[in-house]
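Undergrad: One line per chain: the protein sequences are H and C, in this order. If you use this note's numbering, the first sequence corresponds to residues 114 to 344, in order. If you use this note's numbering, the second sequence corresponds to residues 777 to 1160, in order.
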Amino acid sequence: MENDQDILIRCLSVTKQYKKGENLVTPLDTLDLDIPRGDFLAMMGPSGSGKTTLLNLLSGIDQPTSGSIEVDGVAIHALSRRALAAWRARQVGYIFQLYHLVPVLTAFENVELPLLLDDLKRRERREKVEAALSLVGLSDRMHHFPRELSGGQEQRVAIARALVADPPLLVADEPTGDLDRESADAILGLLQTLSREQGKTIVMVTHDPKAAGAASRTLHLEKGQLLEAVS
Amino acid sequence: MTPKAAFNLIPLAAKQLLRHRVRTLLTVLGIAAGMFLYALVESMQTAVSRTTAVQASDVTLVVYRENRYCPSTSRLPLYYEDEIRRIPGVREVIPIQITVNNCGASLDIVTFRGVPPRQLARFAPEIQVTEGSREDWERTDDGALIGENFAARRGLKPGDAFEAAGVRVTISGILTSPNLQDNDVAYVHLPFLQQASRRGLGEVTQFNVRVEDPAHLEEVAAAIDATFKTAEEPTHTQPEKAFFAQAARELIELTGFTRWIGLGAVIAVLGLVANAVLLVVRTRIRENAVLQTLGYPDSAIAWLVLLEGLLLGLAGGLIGAGSAMGFLAISRITFGNEGQVMSITPDPGLFLSGLLLALVLGGLASTYPAWMAVRRPIVESLRT
Ligand SMILES: Nc1ncnc2c1ncn2[C@@H]1O[C@H](COP(=O)(O)OP(=O)(O)OP(=O)(O)O)[C@@H](O)[C@H]1O
Ligand SMILES: [Mg+2]
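(1) What runs of the beta strand (DSSP E), each 3 residues or longer, lie entirely inside the stretch 251-298 of chain H?
(2) Tell me, which residues are paired with T887 of chain C by DSSP?
(3) Among H:L301, H:R239 and H:S160, which residue has its Cα nearest to the Cα of R269 of chain H?
(4) Closer than 7 Å is what we want: which residues have a beta carbon that near any heavy atom of ligand 2? List them in chain order.
(5) If we count the other Cβ atoms within 10 Å of its Cβ and call it buried at 16 or more, is H256 of chain H buried or exposed?
(6) Which residue or residues does DSSP assign as beta-bridge partners of G949 of chain C?
(7) For ligand 1, is there a heavy atom less than 7 Å away from the beta-carbon of P140 of chain H?
(8) Nearest to G206 of chain H by alpha carbon, out of H:K234, H:L121 and H:P281?
(9) I'd like the span of the beta strand (DSSP E) that includes V318 of chain H, first residue to last.
(10) Looking at the secondary structure, which residues open and close the alpha helix (DSSP H) in which S825 of chain C lies?
(11) For ligand 1, I want to know if V270 of chain H counts as a neighbour, meaning its beta carbon is within less than 7 Å of at least one of the ligand's heavy atoms.
(12) My output table needs one value for Q982 of chain C: the three-state DSSP class, helix, strand or coil.
(13) Taking C-alpha atoms, which residue in C:R1035, C:H1012 and C:I1061 lies nearest to S850 of chain C?
(14) Can you have a look at I1106 of chain C and say buried or exposed, based on whether 16 or more other CB atoms are within 10 angstroms of its CB?
(15) Quick check: what's the CA-CA separation for E267 of chain H versus Y212 of chain H?
(16) Does the distance from the C-beta atom of L1094 of chain C to that of L1131 of chain C stay below 8 Å?
(17) Give the residues from the stretch 240-264 of chain H that approach chain C closer than 8 Å (Cβ to any Cβ), ordered along the chain.
(18) Should V732 of chain C be flagged as near chain H, meaning a C-beta pair shorter than 8 Å?
(19) Under 8 Å between C-beta atoms, does D1074 of chain C make it to chain H?
(20) Just mark M114 of chain H as buried or exposed, buried being the case when its beta carbon has 16 or more other beta carbons within 10 Å.
(21) Determine, using beta carbons only, whether R795 of chain C comes closer than 8 Å to chain H.
(22) CB of S160 of chain H to nearest heavy atom of ligand 1: below 7 Å?
(23) Hey, could you find the ends of the alpha helix (DSSP H) L1121 of chain C is sitting in?
(24) Write down every uninterrupted run of the alpha helix (DSSP H) in the stretch 1050-1124 of chain C whose length is 4 residues or greater and which is fully enclosed by it, in chain order.
(25) State whether the stretch 828-839 of chain C contacts the stretch 984-1000 of chain C, with contact taken as three or more CB pairs (one from each stretch) at a distance under 8 Å.
(26) Can you give me the Cβ contacts of G158 of chain H inside the same chain, cut-off strictly under 6 Å, excluding the 5 residues immediately before and after it?
(27) Is H213 of chain H close to chain C? Criterion is C-beta to C-beta, closer than 8 Å.
(28) State the CB to CB distance for the pair T827 of chain C and K1017 of chain C, rounded to an integer number of angstroms; the pair is presumed to be in contact (CB under 8 Å).
(29) Restricting to Cα atoms, I'd like to know which of C:V817, C:L966, C:V886 and C:P779 is closest to I1028 of chain C.
(30) Put S181 of chain H into one of helix, strand or coil per three-state DSSP.
(31) Smallest Cα separation from R844 of chain C: which of C:F1019, C:G1096, C:S1075 and C:V1066?
(32) What does I1154 of chain C reach in chain H if we use C-beta pairs closer than 9 Å?
(33) CB I101 of chain H to CB V127 of chain H, shorter than 8 Å?
(34) Beta-carbon separation of V980 of chain C and I872 of chain C under 8 Å?
(35) Return the residue from the list H:T166, H:T314, H:E222 and H:A271 that minimises the CA-CA distance to R1159 of chain C.
(36) Kindly indicate which residue of C:S1099, C:R861, C:L1054 and C:L1104 has the alpha-carbon position closest to the one of L793 of chain C.
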């Protein structure tokens, strides 16, 4: 954190407020956070502490009420809706707890989704999709539909989808929350590999201390503020 | 979104439609029914304007007994022929006796036109005999030269005999003509028809007149009526299509009314597509938010929704307009009134415009759902 060059994400006094009827909820309150490039960060905290809210801000699907978020030098809090969509397509892969695959599409077609927006040739798309699926170990399930896959396999397809456009940042919201221990360990191992071998920066929200253990460090979010865990 | 991206999304939209097979099928059938009605109504309207709208190039006049609107009451002396021929601007004239099986409005009219056989080729050189032979017809007293639409409707061919309105004829040939009326009638020998229908030998129903110059159509008509103004049987002369328009006024009013059916069909299609696509958008709120998370811009999400409407319209239009054309080709509906006939025929131009309209309706109906799909904040949609 000494060297600015190594910082991928810099949040400065980020506040996010929601209106809930008459009340104002403030899940994030003047929060500061630096995430170095290549970091595998686990984020824990009680339910409703604003973990998902923070991930949404980092991944550019939501914008802070005040404060600034810079990712790789881009002030994403100031981008237009349209510019933000283009930015997401290149810079972030989002992994959901419930995978959120499109049920009418095969594993291959689901992973292909982010590439449809690019001016790639069909063959180039196929190569990238096959590479991503092979990376998550699902080369033999390419033409299966989500309903024909196990939860762990579905999540691996979702990771391949998040990876296929080769974004530097991956965010994952409780990616193992719906999986049995064995599948969860496989997913965590995969994320570790991506962090180590591909240099991906990963921000992972989890309730599971064992999952957090897979990360290189853990932050605790409480009452809109971050506390570094001492392990 | 680039054009290539827009193209890449088409299979995705198609797969989404097939996700709810029954719903999609029902919607497509509904659109098809609407477009079927629309195409039929439009075909009828086209037939009416084709047979009644006088064009600048028209050269045919019909001379009729004044104030007599039905072939059975219009009687003109045969000797008028020579007098009409002498009027300046007249190129050719032919006496015609009309006998119809039904003098009111009807869907299946048989119209006999009795003419001096050797005069027909001179009066109407555009008539071509496609089956059988003209010489054969000229030689055969009870021979008939029938229009191709009429032949197809009744399944008649040369050598066949048929009877209508108490007149029995043998078919000598099938004719085709750019003059639409010809394609629906049966030309027979004038003396034969006069005898068979027990009308006076020296009398005909009308004279058809060809003028030298289409610009003088009205002038020549006025000159003819002026000639017979004080005669025992005064005449009323008008362009052939105007004659039809007048003779079939009620019919035309009736078909004019069907425009509302066409409009109703169009509105029903709009509602149907809008409802189907709106339902799709509602059930796919989170899925669209996931696509947005992957970096899909609003334009791509809206395009996906629009595509589903367009594909529904395309499928419904193909089936609806296509089956309307097939229906017309098979049934060859012919409207007739007082001896004038109007065929409703399939028209590729109309098929294409029906298809285009279905596409436009599909697109139009999904603009609101498309807007709905991109209006919500992504995080809110993900939380549903
Ligand atoms: N779109 C929204 N509109 C209104 N309130 C919201 C919205 N999103 C989040 N909140 C509120 O903000 C607070 C933080 O929510 P968030 O989803 O970030 O919590 P979380 O830490 O992810 O919790 P969990 O562990 O249960 O997933 C909650 O009180 C939630 O109700
Ligand atoms: Mg959460």
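The beta-carbon is built from N, C-alpha and C at its ideal position, and this holds for glycine as well.
TA: Well, looking at it:
(1) 282-286
(2) On the second sequence, residue 887 of chain C is found 111 positions in, with the first residue counted as 1. Bridge partners of T887 of chain C: C:V876 and C:V961.
(3) In the first sequence, residue 269 of chain H corresponds to position 156, counting from 1. Checked all of H:L301, H:R239 and H:S160; the closest Cα to R269 of chain H is H:L301.
(4) The set of residues whose C-beta lies within less than 7 Å of a heavy atom of ligand 2 reads, in chain order, H:K164, H:T165, H:D286, H:E287 and H:V318.
(5) Within the first sequence, the letter at position 143 stands for residue 256 of chain H. H256 of chain H should be labelled exposed.
(6) Translated into positions along the second sequence, residue 949 of chain C becomes position 173. For G949 of chain C, which the question treats as bridged, DSSP gives the partners C:G908 and C:L921.
(7) Position 27 of the first sequence, counting from 1, holds the residue named residue 140 of chain H. Answer for P140 of chain H: yes, Cβ within range of ligand 1.
(8) Sequence index remark: in the first sequence, residue 206 of chain H carries index 93 (1-based). Among H:K234, H:L121 and H:P281, the Cα nearest to that of G206 of chain H is on H:P281.
(9) On the first sequence, residue 318 of chain H is found 205 positions in, with the first residue counted as 1. Unbroken beta strand (DSSP E) run through V318 of chain H: T314 to V318.
(10) Position 49 of the second sequence, counting from 1, holds the residue named residue 825 of chain C. Counting along the chain, the alpha helix (DSSP H) containing S825 of chain C begins and ends at R797 to T828.
(11) Within the first sequence, the letter at position 157 stands for residue 270 of chain H. Not under cutoff, so the answer is no.
(12) For the purposes of this step, residue 982 of chain C is taken as residue 206 along the second sequence, with counting starting at 1. Note: Q982 of chain C maps to strand in three-state DSSP.
(13) If you number the second sequence from 1, residue 850 of chain C lands on position 74. Comparing alpha-carbon positions, the option among C:R1035, C:H1012 and C:I1061 lying closest to S850 of chain C turns out to be C:H1012.
(14) Position 330 of the second sequence, counting from 1, holds the residue named residue 1106 of chain C. I1106 of chain C is exposed by the Cβ-count criterion.
(15) By one-based count along the first sequence, residue 267 of chain H stands at place 154. By one-based count along the first sequence, residue 212 of chain H stands at place 99. Approximately 6 Å between the Cα atoms of the pair.
(16) Reading the second sequence from its first residue, position 318 is the one you call residue 1094 of chain C. Reading the second sequence from its first residue, position 355 is the one you call residue 1131 of chain C. Going by C-beta atoms, L1094 of chain C is nearer than 8 Å to L1131 of chain C.
(17) none
(18) Here chain C comprises residues numbered 777 to 1160, so residue 732 of chain C is not present and cannot be evaluated.
(19) Indexing the second sequence from 1 puts residue 1074 of chain C at position 298. So yes, D1074 of chain C belongs to the interface.
(20) Indexing the first sequence from 1 puts residue 114 of chain H at position 1. Unreliable positioning characterises M114 of chain H in this predicted model, as indicated by a pLDDT of 45, which lies under 50. The coordinate reading is nonetheless provided below. Exposed, by the Cβ-count rule.
(21) Position 19 of the second sequence, counted from the first residue, corresponds to residue 795 of chain C. Cβ-Cβ to chain H under 8 Å: yes for R795 of chain C.
(22) The sequence position of residue 160 of chain H within the first sequence is 47, counting from 1. The answer is yes for S160 of chain H.
(23) Residue 1121 of chain C sits at position 345 when you count from the first residue of the second sequence. The sequence shown places Thr at residue 1121 of chain C, not Leu. Here T1121 of chain C belongs to no alpha helix (DSSP H), and DSSP marks it neither H nor E.
(24) 1061-1069 and 1074-1107
(25) yes
(26) Stepping through the first sequence from its first residue, residue 158 of chain H is reached at position 45. Closer than 6 Å at Cβ, skipping near neighbours: K164, H333, L334 and E335.
(27) Against the first sequence, residue 213 of chain H aligns to sequence position 100. It does: the Cβ of H213 of chain H has a partner Cβ on chain C nearer than 8 Å.
(28) Indexing the second sequence from 1 puts residue 827 of chain C at position 51. Indexing the second sequence from 1 puts residue 1017 of chain C at position 241. That belief holds up - the Cβ atoms of T827 of chain C and K1017 of chain C are roughly 6 Å apart, short of 8 Å.
(29) As a working note, residue 1028 of chain C is residue 252 in the second sequence. The option with the nearest alpha carbon to I1028 of chain C is C:V817.
(30) One-based indexing of the first sequence puts residue 181 of chain H at position 68. Three-state result, S181 of chain H: strand.
(31) For the purposes of this step, residue 844 of chain C is taken as the residue at position 68 of the second sequence. Of the candidates C:F1019, C:G1096, C:S1075 and C:V1066, C:F1019 places its Cα closest to the Cα of R844 of chain C.
(32) In the second sequence, residue 1154 of chain C corresponds to position 378, counting from 1. Residues of chain H passing the Cβ test: N169, I174 and D175.
(33) Residue 101 of chain H is absent from the structure shown; chain H starts at 114 and stops at 344.
(34) Looking up residue 980 of chain C in the second sequence gives position 204. Looking up residue 872 of chain C in the second sequence gives position 96. Yes; because the gap between Cβ atoms is below 8 Å, this pair is in contact.
(35) Against the second sequence, residue 1159 of chain C aligns to sequence position 383. Closest by alpha carbon: H:T166.
(36) Taking the first residue of the second sequence as 1, we reach residue 793 of chain C at position 17. Per the Cα distances, C:L1054.
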